[in-house]
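Participant: Per numbering that gives the first Met the number 0, the sequence shown starts with residue 0, numbered consecutively. I'd like to ask you about the structure that follows.
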Amino acid sequence: MLEGVVEDVLFRSDDGRFAVIRLATDKDDELSPSHTAVGDLGQIAPGENVRLMGRWTQHAVYGARFRVTSFTPTIPSTEQGMIRYLGSGLIPGIGPALAARLVERFGPETLDVIATQSARLREVSGIGKQRAESIAKAVRQRRVEAETMSFLHALGMGPATAREIVRKYGADAPRVVRDDPYIVAEQIRGIGFRTADRIAEALGIAGDDLRRVQGGVLHLVGKAVDEGHVFATRRQLHDGLEQLDVPTDALEEALRQLRTRELVTIEDDAVYPPPLYRAEVLVADALSTLANRPKAKQPVKTHDHTLSDTQRSVVEASLGTHLLVLTGGPGTGKTTTVRAIVQAHAALDRRVALCAPTGRAAKRLSEAAGIEAKTIHRLLEWNPATGHFNRNQRLPLEADLILVDEASMLDIRLASQLLAAIPPSATLALVGDIDQLPPVGPGQPLRDLIASRI
Numbered sequence: 000m001l002e003g004v005v006e007d008v009l010f011r012s013d014d015g016r017f018a019v020i021r022l023a024t025d026k027d028d029e030l031s032p033s034h035t036a037v038g039d040l041g042q043i044a045p046g047e048n049v050r051l052m053g054r055w056t057q058h059a060v061y062g063a064r065f066r067v068t069s070f071t072p073t074i075p076s077t078e079q080g081m082i083r084y085l086g087s088g089l090i091p092g093i094g095p096a097l098a099a100r101l102v103e104r105f106g107p108e109t110l111d112v113i114a115t116q117s118a119r120l121r122e123v124s125g126i127g128k129q130r131a132e133s134i135a136k137a138v139r140q141r142r143v144e145a146e147t148m149s150f151l152h153a154l155g156m157g158p159a160t161a162r163e164i165v166r167k168y169g170a171d172a173p174r175v176v177r178d179d180p181y182i183v184a185e186q187i188r189g190i191g192f193r194t195a196d197r198i199a200e201a202l203g204i205a206g207d208d209l210r211r212v213q214g215g216v217l218h219l220v221g222k223a224v225d226e227g228h229v230f231a232t233r234r235q236l237h238d239g240l241e242q243l244d245v246p247t248d249a250l251e252e253a254l255r256q257l258r259t260r261e262l263v264t265i266e267d268d269a270v271y272p273p274p275l276y277r278a279e280v281l282v283a284d285a286l287s288t289l290a291n292r293p294k295a296k297q298p299v300k301t302h303d304h305t306l307s308d309t310q311r312s313v314v315e316a317s318l319g320t321h322l323l324v325l326t327g328g329p330g331t332g333k334t335t336t337v338r339a340i341v342q343a344h345a346a347l348d349r350r351v352a353l354c355a356p357t358g359r360a361a362k363r364l365s366e367a368a369g370i371e372a373k374t375i376h377r378l379l380e381w382n383p384a385t386g387h388f389n390r391n392q393r394l395p396l397e398a399d400l401i402l403v404d405e406a407s408m409l410d411i412r413l414a415s416q417l418l419a420a421i422p423p424s425a426t427l428a429l430v431g432d433i434d435q436l437p438p439v440g441p442g443q444p445l446r447d448l449i450a451s452r453i
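Here it is, written out as structure tokens:
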């Protein structure tokens, strides 16, 4: 074991996990001021006081190095460690000289004085009221983080997962984990149901606890979503709980409580994540509205004699209806029909917006139609700063025809965002082959639309 202050991060891998650090320990002397440690150290930063677990190794080029298997942030207990910790730059408002004066004045009680009696810091020259409060706030925050990380490490969590929990819940992290580790598993990537089970066991939560049943349900609903579905059935949940060795007699009570907490939405036999239920309802309502809008009183004719009768009827339908589905396998003439649809609408001065789920598909659509096509995200003006699309029901697309190629790749989430941005007077044309390129995300709205025959 090594404990001390991180002096420098010498190297960090691109994924931010592996790092090489220089660690100054309390026992260091002038002849041996630091040690090199390597391993999965997450986003460890200079100035942090840490306890490293691992073993010494000998590198052919770099010599003795401590290979870290796990680590936890700590608060230094020796005066030398406190000087290094406070003077490292990690605590705003304190440099090495002031750190030395603080420890000289308050000795081994320095950190306790800072955290609980901040007014006393003004006994040291150069510290006023505002600076004292700022220093105290930073030290208290670091202490809470260190205690929380130690608590999570004791439960067997790795540094990356523990830091993510601290980022999300802050000082409440121990309480949240103790209250329900299964909910934490659903909210934090990297914690699965089995890991939550181990944490629960360490916390003394019984195997038949209702929280465990609820956690199993959420895990199984999430698993169904990962497999491309928007819900799980009660039978699937029952069978899945048995496989997880979770009691099934409390399934209905677990569902009732999860619904009350708005963690699931239940319709008949289907159990949904609420966002996917809302997306599915929006998609169904929007498509039904488009399909049932009045058609043009006078059918529009096209006289393009290069088209087959079927292709001509599709083009004419696109000019007179608000919802059009063009499907078929390779070689069925979809590309020719798409080009004719675009030309027919352009000839009537209708504004045309072409899009596809991926950049590659959008490029192919541009080449086929002869005008620019965009990805759906670009068309809807995705804003990474807000995590939302700028185009929506309040600010719909400025187009009379929105044509989506490779629509089989649309999942329920993206379909709901697109449909929310369709203007009331516009025509939506969905082009795709349901036997090709399924969505990566949950749901298959194009397949469901074709099956519904609305």
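Every residue gets a Cβ at the ideal spot worked out from N, C-alpha and C, and that includes glycine. This structure is a prediction, so every number in the text was calculated from the model and none was measured.
So, for E241: in the same chain, excluding its five sequence neighbours on each side, which residues have a beta-carbon less than 7 Å away from its beta-carbon?
Facilitator: T247
Participant: By a C-beta neighbour count over all protein chains shown, 10 Å radius and 16 as the cutoff for buried, is G206 buried or exposed?
Facilitator: Under this definition G206 is an exposed residue.
Participant: For R121, which residues in the same chain have their Cβ closer than 6 Å to its Cβ, ignoring the five residues on either side in sequence?
Facilitator: A131
Participant: If you draw a straight line from the C-alpha of A355 to the C-alpha of D13, how long is it?
Facilitator: Straight-line Cα distance between these residues: approximately 32 Å.
Participant: In angstroms, rounded to a whole number, what distance separates the CA positions of Q57 and G38?
Facilitator: 14 Å
Participant: K294: which of V270, L322, L286 sits nearest, CA to CA?
Facilitator: L322
Participant: Would you mind sorting E29 into buried or exposed? The rule is 16 or more other CB atoms within 10 Å of its CB.
Facilitator: Below a pLDDT of 50, predicted positions are generally treated as unreliable, and E29, at 45, falls in that range; the measurement from the model is reported next regardless. Counting Cβ neighbours within 10 Å, E29 comes out exposed, since fewer than 16 surround it.
Participant: Out of G53, K222, S133, which one is the CA nearest neighbour of I113?
Facilitator: S133
Participant: Would the beta-carbon of T326 fall within 9 Å of that of L413?
Facilitator: Not closer than 9 Å, so no.
Participant: Do F65 and V49 have their C-beta atoms within less than 9 Å of each other?
Facilitator: no
Participant: For a quick check, are the C-beta atoms of G94 and G86 less than 9 Å apart?
Facilitator: yes
Participant: Three or more beta-carbon pairs under 8 Å between the stretch 387–396 and the stretch 341–348, yes or no?
Facilitator: no
Participant: Who pairs with I401 in a beta bridge, going by DSSP?
Facilitator: A352, L427
Participant: Buried or exposed, going by whether 16 or more other CB atoms sit within 10 Å of the CB of D225?
Facilitator: exposed
Participant: So, does the stretch 264–282 touch the stretch 228–235, judging by three or more C-beta pairs under 8 Å?
Facilitator: yes
Participant: Looking only at its own chain, which residues have a Cβ that is under 6 Å from the Cβ of G88, when we skip the five neighbours before and after it?
Facilitator: G46
Participant: By the three-class DSSP mapping on this structure, what secondary structure does V8 have?
Facilitator: strand
Participant: Between the Cα of F17 and those of P395, A159, T147, R277, spot the shortest distance and give me the residue it belongs to.
Facilitator: A159
Participant: Examine the Cβ distances between the stretch 363–374 and the stretch 436–445 and report whether three or more of them are shorter than 8 Å.
Facilitator: no
Participant: Please tell me whether R197 and L154 are closer than 9 Å, where the distance is taken between their beta carbons.
Facilitator: yes
Participant: Taking the DSSP output, what are the residues bridged to F65?
Facilitator: A36, W55.
Participant: What do you reckon, are the CB atoms on L429 and A352 nearer than 9 Å?
Facilitator: no
Participant: Mind listing, in chain order, the continuous beta strand (DSSP E) runs of no fewer than 3 residues lying wholly within the stretch 221–275?
Facilitator: Taken in chain order, the unbroken stretches of beta strand (DSSP E) that lie wholly in the stretch 221–275 and span 3 residues or more are 264–266, 269–271.
Participant: What span of residues does the beta strand (DSSP E) with I20 cover, start to end?
Facilitator: 17–24
Participant: Between the Cα of V138 and those of M81, A290, L51, spot the shortest distance and give me the residue it belongs to.
Facilitator: M81
Participant: In this structure, how does DSSP classify P444 when only helix, strand and coil are distinguished?
Facilitator: helix
Participant: On a CA-only basis, which of D171, I126, L394 is nearest E144? Give me that one, please.
Facilitator: For E144, the nearest C-alpha among the options comes from D171.
Participant: For the ligand ATP, I want to know if G386 counts as a neighbour, meaning its beta carbon is within less than 8 Å of at least one of the ligand's heavy atoms.
Facilitator: No copy of the ligand ATP appears in this structure; indeed no ligand is present at all.
Participant: If you drop the 5 nearest sequence neighbours on each side, which residues of the same chain put their C-beta closer than 8 Å to that of D208?
Facilitator: A199
Participant: Taking all protein chains shown into account, do 16 or more other C-beta atoms lie within 10 angstroms of the C-beta of Q435, making it buried, or fewer, making it exposed?
Facilitator: With fewer than 16 Cβ atoms within 10 Å of its Cβ, Q435 is classed as exposed.
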